[in-house]
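**Student:** Please see the structure below; I have some questions.
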Amino acid sequence: MGDHVFPVLKFGHDSLQNGTLRSCFLYLAVFQEDYVIIDNDLINLWIGEGFLDEFDNLNEARNQGHNIIEHLNVACLFESDDDNRIKIHDNKIVVEKDGTLEAQQILKWKEVKRISLWDISVEKLAIPPSCPNLITLIFGSVILKTFPYEFFHLMPIIKVLDLSGTQITELPVGIDRLVTLQYLNLSYTKLRKLPTELKSLIRIRCFILDGMPHLKTIPKEEISKLSSLKLFSMQVEGRDHFSQDLDMELNYSLEEGKKAHCSSKEEEAADLWEAKKANYLWQDNKALFEELAGLEHINEVSFPIEGALSFEKLMRSQKLQNAMRCLSLGNLDG
């Protein structure tokens, strides 16, 4: 297999015209074979890595990202379709995957620049050693509930952290130490609130919070402290979808609590009810909207507008109208 694969890789790599193209091509190695990713999601990662730093404007960087994707597609280094999805070929550097994560694997982290974990189910990670070279940490298809207390304490130059799809309910203490972080993706997690420590991450350019029905608290003035922020995404898949999601969990918890006469299940059901009732996404979010409007470098916003006051604020902000990429509207009659 190697006799066939590596000449193809070398041809593809050598045919790329500049360092940025090559960096973007080599970055595909962080994904497992046959992985499918939306083109803009890949470009967001490239922006977080700093591959497109020559562009101050996010729109220009995104246009260049699409040009790079076209080059890589023409070189047959991956496949793309009409739905803006990219399928990573398996004739590349293989990202190892395993069903477990042993201590000896964690020890290897101190030697590498980029780590992606795939198809792993683990209750709690071990504390990694010092990771002086780590730039990228991606959790893909990882079922993870908690982090150890000092997990992020020894990652001094990390730029990209993707925790999307994990089952975490809170971020570990010490995330404020990741002062070099430029990309943070918490989408599809079970976080109920964001810690106040996030406001220390002033270099973040891309902050992604898509598909988080349980999230109900973002501390006041937290977003406004992220002075480098260019992209803020909080996309929802429809109010009914999330309402049904919470209703299903609520009903399940109530039934389980009744069967087992378990107070913890009843408490969980009460928490879910509060999430459904108090989720700030479904309330007037004028304060968060104002924080976004005050950011100097914001170029792209995907955000639910809830309440007439927030909608009026949008109508008065040409800056945010220009930056709005995806918009959902609700509760405009009150």
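Per numbering that gives the first Met the number 0, residue 0 is the first one in the sequence shown, and the count goes up by one each step.
Beta carbons: idealized from backbone N, C-alpha and C, even for Gly.
Everything numeric in this text was worked out from a predicted model, so none of it was measured.
1) Along the chain, where does the alpha helix (DSSP H) containing E48 start, and where does it finish?
2) Just confirm the distance between the C-beta atoms of K112 and T135, as a whole number of angstroms; I'd bet it's less than 8 Å.
3) In angstroms, rounded to a whole number, what distance separates the CA positions of F24 and F30?
4) With DSSP as the reference, please indicate the residues paired to I85 in a beta bridge.
5) So, for V93: in the same chain, excluding its five sequence neighbours on each side, which residues have a beta-carbon less than 6 Å away from its beta-carbon?
6) Can you tell me whether H65 is buried or exposed? The criterion is at least 16 other CB atoms within 10 Å of its CB, across all chains shown.
7) Is R315 buried or exposed, if buried means 16 or more other CB atoms sit within 10 Å of its CB?
8) Tell me the DSSP secondary structure of E95 in three-state form.
9) Helix, strand or coil for I203, going by three-state DSSP, please let me know.
10) Among residues of its own chain, excluding the 5 on either side of L116, which ones have a beta-carbon nearer than 6 Å to its beta-carbon?
11) State the Cα-Cα distance for the pair L249 and L143, rounded to the nearest angstrom.
12) Would you be able to state if there are at least three C-beta pairs under 8 Å between the segment 166-175 and the segment 67-80?
13) What does the alpha-carbon distance come out to for the pair F206 and R84?
14) To the nearest angstrom, report how far apart Q181 and D38 are at their CA atoms.
15) Comparing C-alpha positions only, which one of K109, P194, M211 sits nearest to I156?
16) How should V35 be labelled, buried or exposed, when 16 other C-beta atoms within 10 angstroms of its C-beta is the threshold for buried?
17) When burial is assigned at 16 or more other CB atoms within 10 Å of the CB, is G18 buried or exposed?
18) Looking at the unbroken beta strand (DSSP E) that takes in N184, where does it start and where does it end?
19) Taking the alpha helix (DSSP H) that I68 belongs to, which residues open and close that run?
20) Which partner residues of L116 appear in the DSSP bridge assignment?
21) Would you mind giving the Cβ-Cβ distance between I87 and E32, rounded to the nearest angstrom? I have them listed as a contact below 8 Å.
22) With C-beta atoms as the reference, is L230 less than 9 Å away from I297?
23) How far does the alpha helix (DSSP H) with L291 in it extend, from its first residue to its last?
24) Is it buried or exposed, N56, if we count other Cβ atoms within 10 angstroms and call 16 or more buried?
25) Does any residue of chain C have a CB that is nearer than 9 Å to the CB of H65?
26) From K198, S301, V121, pick the residue whose C-alpha is nearest to that of P147; which is it?
27) Compute the Euclidean distance between the alpha carbons of Q234 and R202, then round it to the nearest angstrom.
28) Got a sec, what are the start and stop residues for the beta strand (DSSP E) S232 sits in?
29) Quickly, what does DSSP pair V178 with across the bridge? List them, please.
30) Given that a residue counts as buried once 16 or more other Cβ atoms are within 10 Å of its Cβ, and exposed if not, what is D52?
**Tutor:** Taking the geometry as given:
1) 38-48
2) Sure, about 7 Å apart at Cβ, within 8 Å.
3) 11 Å
4) I36, S79
5) Its pLDDT being 35, under 50, V93 is placed unreliably by the model, and nothing is read from it.
6) Result: exposed.
7) exposed
8) Confidence in E95 is poor, its pLDDT being 40 and thus under 50, which makes the residue's placement unreliable; the coordinate value appears in the next sentence. For E95, the secondary structure class from DSSP, reduced to helix, strand or coil, is coil.
9) The answer is coil: DSSP assigns I203 none of H, G, I, E or B.
10) F138, V141
11) A caution first: L249 carries a pLDDT of 48, below 50, which makes its placement in the model too unreliable to give a value.
12) No, because fewer than three Cβ pairs between the segment 67-80 and the segment 166-175 fall closer than 8 Å, the two stretches do not touch.
13) For the pair F206 and R84, the Cα-to-Cα distance works out to about 21 Å.
14) 19 Å
15) Looking at the Cα atoms, K109 is the closest of the given residues.
16) exposed
17) A residue is called buried once 16 or more other Cβ atoms fall within 10 Å of its Cβ, and G18, having fewer, is exposed.
18) 182-184
19) For I68, the enclosing alpha helix (DSSP H) begins and ends at 57-73.
20) According to DSSP, which records beta bridges pairwise, L116 is partnered with F138.
21) 7 Å
22) yes
23) 285-292
24) N56 is classed as exposed because its beta carbon has fewer than 16 other beta carbons within 10 Å across all chains shown.
25) Given the protein chain composition of this structure (a single chain), no chain C is represented.
26) V121
27) 22 Å
28) 230-232
29) Looking at the DSSP assignment, V178 forms no beta bridge with any residue, so it has no partner.
30) Exposed, since its Cβ has fewer than 16 Cβ neighbours within 10 Å.
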